[in-house]
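*Asks:* Just so you know, the sequences run in chain order D and Z. When the first sequence is numbered by UniProt numbering, its final residue is 430 and no position is left out of the sequence of numbers. When the second sequence is numbered by UniProt numbering, its final residue is 430 and no position is left out of the sequence of numbers. Built from N, CA and C at the ideal position, the CB exists for glycine as well. Submitted below is the structure of interest, expressed as structure tokens.
There are 2 protein chains.
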Amino acid sequence: MMRTRPLKVALLGCGVVGSEVTRIMTTHADDLAARIGAPVELAGIAVRRPDKVREGVPAELVTTDATALVKRGDIDVVIEVIGGIEPARTLITTAFEHGASVVSANKALVAADGAALHAAAEANGADLYYEAAVAGAIPLVRPLRESLAGDKVNRVLGIVNGTTNFILDKMDSTGAGYSEALDEATALGYAEADPTADVEGFDAAAKAAILAGIAFHTRVTIDDVHREGLTEVTAADIASAKRMGCTVKLLAICERAADGASVTARVHPAMIPLTHPLASVREAYNAVFVEAEAAGQLMFYGPGAGGAPTASAVLGDLVAVCRNKLAGATGPGESAYTRLPVSPMGAVITRYHISLDVADKPGVLAQVATIFAEHGVSIDTVRQSGKDGEASLVIVTHRAADAALSSTVGALRELDTVRGVASIMRVEGE
Amino acid sequence: MMRTRPLKVALLGCGVVGSEVTRIMTTHADDLAARIGAPVELAGIAVRRPDKVREGVPAELVTTDATALVKRGDIDVVIEVIGGIEPARTLITTAFEHGASVVSANKALVAADGAALHAAAEANGADLYYEAAVAGAIPLVRPLRESLAGDKVNRVLGIVNGTTNFILDKMDSTGAGYSEALDEATALGYAEADPTADVEGFDAAAKAAILAGIAFHTRVTIDDVHREGLTEVTAADIASAKRMGCTVKLLAICERAADGASVTARVHPAMIPLTHPLASVREAYNAVFVEAEAAGQLMFYGPGAGGAPTASAVLGDLVAVCRNKLAGATGPGESAYTRLPVSPMGAVITRYHISLDVADKPGVLAQVATIFAEHGVSIDTVRQSGKDGEASLVIVTHRAADAALSSTVGALRELDTVRGVASIMRVEGE
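Now the structure itself:
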């Protein structure tokens, strides 16, 4: 029962992802038609630089006027792979107003303004899908939004940025420092010329916001996500992790508080045990753990970026949105009914690995231990080593609130015998 | 915009899974209502033994007349967790005829008769969902059916039976033989009193049929799946795998042929390298690799069975089916448009590990190598060892067709110098 009138698709952006989308829509048109129940046709491709040679991209479809394209009125689905806030936001909103559904790969926009976009979609009876915004081809948005819709997710923990994982993997396997590993990532095309969005954790924080919102059925924006990048991670930190049977990963962690009344979302480097499955995620791969009440612990693993994997996620959404169009229905929209507040980082409960440079004299450990006790942070292990009048203390704590740890560290810095806090790193995945 | 009239659900079966479904529907009714957009209510629970005490199951809902329940006419969704072919098949078909959609966890039925069930659903404008039929709570059916709907899946390879993985994991970690490991699995509740369905690979073969059908958009039944259980796997095989840097897993493997014109589906024990992520899947966990043209290699991991995980998958489907009902739409039905034939095992191309007991005299290796060459099977490595007049040859081949390997082994058995074929095991995941 194939409909013969094709569904019309407008593509906004024709870079690495857009050109893969075009290629697959062209070469696999018959498969897409069979799966959708109607042919699907590229009606226009909006680009900034029309003169750029794009192999396999029909020149007659290319336009620089994205606004006119989304306003045409005969467009069924708009695929947005431009990225960034504007003009993407205005184009998507305009698309909804002109009757189109939208498939987007834009993590920054969804993380900043997802609620407004969902509202605009709903007001116009349209779909907004964005599987490609989180972890490339790895199905995460749909499993959280649909497969786990009858379950209660308590935790999402994962590696959602390939660039930083590549850098940390290199540091771990070669002993290189951060700059050296970043240079290699840049040379190999894993890091962009301006790596800020990746190495400062903005990219991962956007994904954490999206995942937390869907997982906990509440609104979480990128501004709610505590964010620390990996630029401060040193070769010494990695070596220290190794001595503990750990490695360092940049993790995105979204958690429901123990009392269920709030959630937290954060991105930061953390030590995880080598026995944890995330420890063996190599190079630019992504992997995400989801812990749900009934399902238990699930893991999703795969390539987290790249043109073809991202295009795969875009096209899966395209098929779903087209099916919905044909059925005269829409898929699941925003689910934010729990209205759970997002607590600040201070409320997060976790463990800490702290390296202190201290004076090499008797009584220092007792002083330090007293500070920890006074702030309610319980110590799990201490390793003391000294040479040449200098000494270091490596302390691993039991689980404590981040705020308590911060006060502890503040107080430690006041001690004359503590010459410096060499590093503080959270310990996760135990 | 919550609808106040509840959607009515009939539950068929109230064992381990059914009672978890009941528990979650009762304790999480508000969440389910918010996610569906209407309250959902258990209208009846069909059981065989009404007198059995079931904590948390409302006695007034319990009936022994499943047929009358599905014929009531006011049931929106039937959840079938009875298992087996009959009466499940008749009840599901009757449910469709009376206007209900169906969520099933019944791998045996879907693998035997999925096409007819899908046709019955479609004829009645109803949904048939069965995420719980494959790998418990791990989202696989939905990702394959929806997330990868715009991609071309070439291979699905995984551990989809927890009982046999538990047994093989014990054999690997303790050196135990098959019977001993099975006894432990039984004692711990991982194996049923009659373990046939698990250890002979029927359960995994049903899942392989379902996964292959969805992945390749064609019809695959359990009869199309080549099936070997793990009852013949010996402690010696496991030790042999270890010497090769491998472990033994019972794998379900669905592949598209290199020319794209056919598919294969099989379940058998195989050696996989310890470096492969499936090698580290412990105890009763499941994990499935999916290789797609654009997405690359994805992995899905989690608990493959158990009441709560299976209930999680059932309830995810329940939410989706209820949303479809409210929208007056149906989700994706059967997609079998490729009509790709399923080739027999002989057409499968893979590698082999073969142990031969041979006479300890010169020229035996030459004889054996000649047989391999005559049948077009190329040898990768040979390890020869001998003691007390007996000798053994351990041969690992390059990739070859299963039919060619079978003829090779047939010819080897004819050689006077070959006293026996101690074991043949495929090598996968390289």
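Let's see if you can read the secondary structure: which residues bound the beta strand (DSSP E) around residue 380 of chain Z?
*Replies:* 379-387
*Asks:* Is the CB of residue 138 of chain Z under 9 Å away from at least one CB in chain D?
*Replies:* yes
*Asks:* Could you give the C-beta distance for residue 317 of chain D and residue 419 of chain D, rounded to a whole number, given that I count them as a contact under 8 Å?
*Replies:* Rounded, the Cβ-Cβ distance is 54 Å, inconsistent with contact.
*Asks:* Return the residues of the segment 137-161 of chain Z that lie within a Cβ-Cβ distance of less than 8 Å from chain D, sorted by chain order.
*Replies:* 137, 138, 139, 142, 143, 146, 147, 148, 149, 150, 151, 152
*Asks:* Identify each residue in the segment 271-298 of chain D for which the Cβ-Cβ distance to at least one residue of chain Z is less than 7 Å, and report them in chain order.
*Replies:* Cβ contacts with chain Z: 292, 294, 295, 296, 297, 298.
*Asks:* Output the residue ranges of the beta strand (DSSP E) runs that lie fully inside the segment 208-295 of chain Z and measure 3 residues or longer, sorted by chain position.
*Replies:* 246-256, 263-273, 285-292
*Asks:* Taking a contact to mean a Cβ-Cβ separation below 9 Å, would you say residue 7 of chain D touches residue 315 of chain D in this structure?
*Replies:* no
*Asks:* Among the candidates Z:125, Z:387, Z:380, whose CA atom is the shortest distance from the CA of residue 399 of chain Z?
*Replies:* Z:380
*Asks:* What does DSSP give as the partner residue(s) for residue 390 of chain D in the beta ladder?
*Replies:* D:359, D:387
*Asks:* Whole angstroms are fine: how far does the CA of residue 135 of chain D sit from the CA of residue 223 of chain D?
*Replies:* 20 Å
*Asks:* In its own chain, which residues sit with a C-beta less than 7 Å from the C-beta of residue 225 of chain D, not counting the 5 before and 5 after it?
*Replies:* 205, 208, 209, 265, 266, 267
*Asks:* Count the other C-beta atoms from every protein chain shown that fall within 10 angstroms of the C-beta of residue 240 of chain D, then say buried if there are 16 or more, exposed otherwise.
*Replies:* buried
*Asks:* Name the chain Z residues that come within less than 9 Å of residue 431 of chain D, Cβ to Cβ?
*Replies:* No answer is possible for residue 431 of chain D: the residues shown for chain D start at 1 and end at 430.
*Asks:* According to DSSP, simplified to helix, strand and coil, what is residue 200 of chain D?
*Replies:* coil
*Asks:* For a cutoff of 9 Å on Cβ pairs, would you count residue 300 of chain Z as touching chain D?
*Replies:* yes
*Asks:* Does residue 18 of chain Z come out as helix, strand or coil in the three-state DSSP assignment?
*Replies:* helix
*Asks:* Taking C-beta pairs closer than 9 Å, name the residues in chain D that residue 328 of chain Z reaches, listed in chain order.
*Replies:* 327, 328, 329
*Asks:* Return the CA-CA distance between residue 508 of chain D and residue 196 of chain Z, expressed in angstroms with no decimal places.
*Replies:* Missing from the structure shown is residue 508 of chain D; chain D here goes from 1 to 430 and no further.
*Asks:* So which of Z:27, Z:34, Z:10, Z:21 has the shortest CA-CA distance to residue 3 of chain Z?
*Replies:* Closest option to residue 3 of chain Z, Cα to Cα, is Z:34.
*Asks:* Report buried or exposed for residue 175 of chain D, applying the criterion of at least 16 other Cβ atoms within 10 angstroms of its Cβ.
*Replies:* If you draw a 10 Å sphere on the C-beta of residue 175 of chain D, you find fewer than 16 other C-beta atoms in it, and that means exposed.
*Asks:* Helix, strand or coil: which one does DSSP assign to residue 205 of chain D?
*Replies:* helix
*Asks:* Cβ of residue 119 of chain D less than 9 Å from any chain Z Cβ?
*Replies:* no
*Asks:* So who's on the other strand from residue 309 of chain D, going by DSSP bridges?
*Replies:* BP columns for residue 309 of chain D are empty, so no partner.
*Asks:* Helix or strand or just coil, what does DSSP make of residue 143 of chain D?
*Replies:* The answer is helix: DSSP assigns residue 143 of chain D an H, G or I state.
*Asks:* Cβ atoms of residue 70 of chain D and residue 91 of chain D: under 9 Å apart, would you say?
*Replies:* yes
*Asks:* Touch check for the segment 323-342 of chain D and the segment 111-124 of chain D: three-plus C-beta pairs under 8 Å?
*Replies:* yes
*Asks:* Taking its Cβ as the centre, do 16 or more other Cβ atoms sit within 10 Å of residue 281 of chain Z, making it buried, or is it exposed?
*Replies:* Burial call: buried.
*Asks:* Along the beta strand (DSSP E) that carries residue 366 of chain Z, what are the first and last residues, could you check?
*Replies:* Run containing residue 366 of chain Z: none in the beta strand (DSSP E); it sits in the alpha helix (DSSP H), 364-374.
*Asks:* Where do the N-terminal and C-terminal ends of the alpha helix (DSSP H) with residue 335 of chain D fall, by residue?
*Replies:* Element bounds for residue 335 of chain D: n/a, residue is neither H nor E.
*Asks:* What do you get for residue 55 of chain Z, buried or exposed, if any count of 16 or more other CB atoms within 10 angstroms of its CB means buried?
*Replies:* Residue 55 of chain Z sits exposed, since fewer than 16 C-beta atoms from the chains shown fall within 10 Å of its C-beta.
*Asks:* Taking C-beta pairs closer than 7 Å, name the residues in chain D that residue 309 of chain Z reaches, listed in chain order.
*Replies:* 294, 295, 296
*Asks:* From residue 112 of chain Z to residue 221 of chain Z, what distance separates their C-alpha atoms?
*Replies:* 5 Å
*Asks:* Between residue 110 of chain Z and chain D, is there a C-beta pair that is closer than 9 Å?
*Replies:* no
*Asks:* For residue 319 of chain D, return the contacting residues in chain Z, with the cut-off set at a CB-CB distance below 8 Å.
*Replies:* 146, 149, 150
*Asks:* Can you confirm whether the segment 282-299 of chain D touches the segment 134-153 of chain D when touching is taken to mean that 3 or more C-beta pairs between the two stretches lie within less than 8 Å?
*Replies:* yes
*Asks:* Leaving out the 5 sequence neighbours to the left and right, which residues in its chain are closer than 6 Å to residue 95 of chain D when beta-carbon positions are compared?
*Replies:* 70, 78, 102
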